[in-house]
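Comments concern the structure below.
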Amino acid sequence: MTRRAKECSIDWSDLPKGAGQSVLVVDDEVALARLVQENLGDLGYQAEAFGSSATALQAFRQEPGRYDAVVTDDRMPGLSGTELIREIRSIRADLPALIVSGHVSADLLTGARRVGAAEVLRKPVALSELAWAVARLMSHGD
């Protein structure tokens, strides 16, 4: 996603909508984290963006019951996305997680499976692909 989805020709009526669920969004590229936050907000989620995995983990530790899902990049300074998910799921094993990465490899897929990530999406990700993936995450929590 290179610009806000509202500015693109997207039929929003075809996309699954959230019902106010809270999503922790993490990407060291802050503009991308904010874009995902805005797009998820437009889809009916309460998304909170973080540009640092360490800061996101700190926020999660303070309120682990606040979030309904995690959407994270993998390659970040400090904790990678898979490490972040491992830490988060050591606190809340039921929390669904999704990795969105520009560097999808067999190692990433294996690591994602190992920490319990539901899916790995390749960047750049289309809004429709993200919307359906987050909807699937939310259905795992039901």
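In the numbering used here, each residue carries its 1-based index in the sequence shown increased by 244. Don't be surprised by glycine CBs; every beta carbon is placed ideally from N, CA and C.
From the listed residues G262, G309, G325, the smallest Cα separation to S345 is found for G325. Secondary structure note for A291: its beta strand (DSSP E) is the uninterrupted segment 290-294. Between R336 and P368, the C-beta gap is not smaller than 8 Å, which leaves the two residues out of contact. With respect to the C-alpha of G288, the residue from V267, A362, R330, D317 having the closest C-alpha is V267. Residue state for L276 is assigned as helix, using DSSP reduced to three classes. Comparing alpha-carbon positions, the option among L371, P340, A361 lying closest to S383 turns out to be P340.
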